[in-house]
Amino acid sequence: IKDEFEKMRTNLKVFDGSSPDLDLEQILTDVKALRLAPGGAAFAFPKLGEGFSLVQCRQLTPAEISARESRNAAANTARANGTFTYDNALDLQRRDPNDPPMTYVQLLKCVTAYGVLVAVFFTVECPHFIEVWALREVIAAQDKYEAVYFTAYTCRLITFAIMKDAHAYFNNTYQPSTLNMPRIPYPRSDLKSTGQHIAALTAIPRPLDFPQKWLSKGGDADQGGKLGNGGRSGFGQALQAGDREKGAFGAGGETQALHPEFDKLFAPLTNATVGNVCQAAGLNLRDLPYLYAAGGSGEDMCYHHLFGECRRQRCRRYHATKKDLDTWPGFVTTLCKRLQPGVQKLVKSQGSRKRAYDQK
1 IKDEFEKMRT NLKVFDGSSP DLDLEQILTD VKALRLAPGG AAFAFPKLGE GFSLVQCRQL
61 TPAEISARES RNAAANTARA NGTFTYDNAL DLQRRDPNDP PMTYVQLLKC VTAYGVLVAV
121 FFTVECPHFI EVWALREVIA AQDKYEAVYF TAYTCRLITF AIMKDAHAYF NNTYQPSTLN
181 MPRIPYPRSD LKSTGQHIAA LTAIPRPLDF PQKWLSKGGD ADQGGKLGNG GRSGFGQALQ
241 AGDREKGAFG AGGETQALHP EFDKLFAPLT NATVGNVCQA AGLNLRDLPY LYAAGGSGED
301 MCYHHLFGEC RRQRCRRYHA TKKDLDTWPG FVTTLCKRLQ PGVQKLVKSQ GSRKRAYDQK
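Just so we're aligned, residue 1 is where the sequence shown starts under the numbering used here, counting upward by one.
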């Protein structure tokens, strides 16, 4: 398997250094027992490390490798003396699955190794491999956003999405007659949707069955909860103190051309403000996505400025620049999606009169 793994890496043109130290002993044991789906039949958290599991492909720390070796040694002893079966010993030793990748680099190497492993066992024509590898290419293309988009929480969401897709694929059993059909009815993959969020740098929704134990791993549980529930999302990088002193915050009634997406969003409205739209949608300004440049919580973000409404002579809130919006398109997209229901409600109540807006 090791030899085939390295051959497949070459065939797939993977040149990211050495591959992770995989626990091939456990993987082969699961394959022989036809335990292919991570999470088992019920997709249970304690069994997320079973079968073809993405968390099995993260490079372990020295302490984790030592614990794994001790587990395998105990299992081998049990098998030798006949007191337990090898499968029983492994099951007894299993605890929580390995932690998911926490950084962009860990995630990319983990997804790469997982894709290679699936290709080795099921060929590059496997539908699950095709979806995983396409997602891997999207992740690889977003390397310049490593520090600002791929938080530990986002990495966990991507990991879980792949594992759910693997469970949906490997948990199926087909009759020979079905496998002989011209088109085999494999389950539909949801990884395209995950890839679209990554490509657009928008927040990935958190599914209801996301492991509670993973909410607190990586140090951004609060941010993760907000992102996962479809609420506030942070984009970009925080400002240094010197940047604030150079006029990053709004100075007296300054204006700039309205972003095309914001202009398009408000085009059907007449004399409506972002506050009116939020009220119609049942939102508070605190519920909107923000730029980290405004602060850690976004309380200093000036949304009125974004829509050409700020007229304060000395605004204390952050006025996003055109460069900000061009650099973080995910912020613009997420904000428009969040406000869209309010716009639709106002249009319905006041008619489709075009918004009278003239910004100098």
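Even glycine gets a Cβ: it sits at the ideal position worked out from N, Cα and C.
Give me the Cα-Cα distance between residue i and residue j, rounded to the nearest whole angstrom.
i, j, result
"L283", "T103", "32 Å"
"F331", "W133", "27 Å"
"Y114", "D21", "12 Å"
"G82", "I139", "47 Å"
"A203", "D324", "18 Å"
"G224", "T151", "Low confidence applies here, because G224 scores a pLDDT of 34, under 50, leaving its location unreliable; read the following figure in that light. For G224 and T151, the distance between alpha carbons rounds to 9 Å."
"E146", "P101", "13 Å"
"T123", "L36", "15 Å"
"F129", "F121", "10 Å"
"A73", "S66", "11 Å"
"F5", "N98", "21 Å"
"N180", "D209", "34 Å"
"I1", "L24", "8 Å"
"Y149", "Y318", "21 Å"
"L34", "G40", "10 Å"
"A320", "K47", "46 Å"
"R312", "N276", "18 Å"
"Y80", "K32", "The amino acid occupying residue 80 in the given sequence is Ala; Tyr does not appear at that position. When rounded, the distance between both Cα atoms is 19 Å."
"M163", "G49", "10 Å"
"Q196", "L215", "23 Å"
"Q350", "K109", "53 Å"
"N76", "S70", "10 Å"
"L291", "K322", "13 Å"
"P176", "D263", "56 Å"
"D3", "V274", "60 Å"
State the CB to CB distance for the pair residue i and residue j, rounded to an integer number of angstroms; the pair is presumed to be in contact (CB under 8 Å).
i, j, result
"P38", "L201", "28 Å between Cβ atoms; not a contact."
"F45", "P211", "5 Å"
"A119", "L12", "7 Å"
"Q106", "R136", "That pair is no contact at about 13 Å."
"A161", "D190", "7 Å"
"A280", "K345", "4 Å"
Between residue i and the rest of its own chain, which residues show a CB-CB distance below 8 Å, the 5 nearest in sequence each way excluded?
i, result
"P187", "A168, Y169 and N172"
"N229", "For N229, the predicted model reports a pLDDT of 32, less than 50, meaning its position is unreliable; a value from the coordinates is still stated below. Same-chain partners within the cutoff: R206."
"L265", "C336, L339, Q340 and V343"
"V14", "T112 and V116"
"R244", "Note that R244 scores a pLDDT of 32, beneath 50, so its modelled location is shaky; the value from the coordinates is reported in the next line. Within the same chain, R244 has no close Cβ partners at all."
"I184", "Y174 and T178"
"D165", "H128, E131, V132, S189, D190 and L191"
"C126", "V118 and A119"
"D16", "L108, K109 and T112"
"K7", "none"
Looking only at its own chain, which residues have a Cβ that is under 7 Å from the Cβ of residue i, when we skip the five neighbours before and after it?
i, result
"T333", "A200 and T202"
"R9", "S19 and V116"
"L269", "V343, L346, V347 and R355"
"T194", "L135, I158, A161 and I204"
"C302", "G250, C310, C315, R317, Y318 and H319"
"I198", "V138, I139 and Q142"
Report all residues from its chain with a CB closer than 6 Å to the CB of residue i; omit the five preceding and five following residues, and keep chain order.
i, result
"F43", "H167"
"D300", "A294, R317 and Y318"
Cβ of residue i versus every heavy atom of the ligand NAD: is any distance shorter than 7 Å?
i, result
"Y290", "This structure lacks the ligand NAD; in fact it carries no ligand of any kind."
Quiz item: Three or more C-beta pairs closer than 8 Å, one from the stretch 26 to 35 and one from the stretch 156 to 166: is that the case here?
Solution: Under the Cβ criterion (8 Å, minimum of three pairs), the stretch 26 to 35 does not count as touching the stretch 156 to 166.
Quiz item: Is the stretch 256 to 263 close to the stretch 300 to 308, with three or more CB pairs under 8 Å?
Solution: yes
Quiz item: Are three or more beta carbon pairs between the stretch 47 to 59 and the stretch 111 to 130 nearer than 8 Å?
Solution: yes
Self-check item: Those runs of the beta strand (DSSP E) which lie wholly inside the stretch 14 to 44 and span at least 3 residues
Solution: none
Self-check item: Start-end ranges of the alpha helix (DSSP H) lying completely within the stretch 157 to 184, minimum 4 residues
Solution: The qualifying runs are 176 to 179.
Self-check item: Whole alpha helix (DSSP H) elements within the stretch 326 to 351, 4-residue minimum
Solution: 329 to 350
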